[in-house]
Amino acid sequence: MMEGTETVAGRLWRDRVQLREQERNEAQARLRIAEEKVAILMAENDRLAAENARLRALLNPDSEGAQAEAETHLQMKALKDALLPLLSGQSATLN
Numbered sequence: 015m016m017e018g019t020e021t022v023a024g025r026l027w028r029d030r031v032q033l034r035e036q037e038r039n040e041a042q043a044r045l046r047i048a049e050e051k052v053a054i055l056m057a058e059n060d061r062l063a064a065e066n067a068r069l070r071a072l073l074n075p076d077s078e079g080a081q082a083e084a085e086t087h088l089q090m091k092a093l094k095d096a097l098l099p100l101l102s103g104q105s106a107t108l109n
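Here it is in structure tokens:
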């Protein structure tokens with residue numbers, strides 16, 4: 015009888031470990047999705063900030079420096095948008 019009890023206890027333990035691993039994997043998948051959403055929202059926020067800067071520069075045509083700054087900001091944003099998917103792909107492979 016002792017042998018049967020140990021077998022049942024062993025199976026219960028393995029089932030519990032398997033359940034915890036599954037929960038961990040699901041939590042990691044949710045985390046990756048959340049990180050991707052944050053990256054998308056940050057890129058959108060940067061795009062909107064650049065658009066605001068561009069529109070403000072258009073409202074003040076006297077300041078050429080502001081216009082040049084807005085153009086530089088747009089170029090930096092385009093570069094960042096091109097690099098973000100590459101970086102998020104790297105972070106996914108690191109997890």
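When the letters of the sequence shown are read in order and numbered with my numbering, they come out as residues 15 to 109.
Glycine included, every Cβ here is placed at the ideal spot set by N, Cα and C.
Please read all numbers here as calculations on a predicted model, not as lab measurements.
In this model, E83 and R70 are separated by some 11 Å (Cα to Cα). Taking all protein chains in view, the Cβ of A64 is crowded by 16 or more other Cβ atoms within 10 Å, so the residue is classified as buried. In this structure, DSSP gives N59 a helical state, which the three-state scheme calls helix. The three-state reading of DSSP puts N74 in coil, since its state is none of H, G, I, E or B. Here E35 has no same chain residue with a Cβ atom under 6 Å from its own Cβ, once five neighbours each way along the sequence are excluded.
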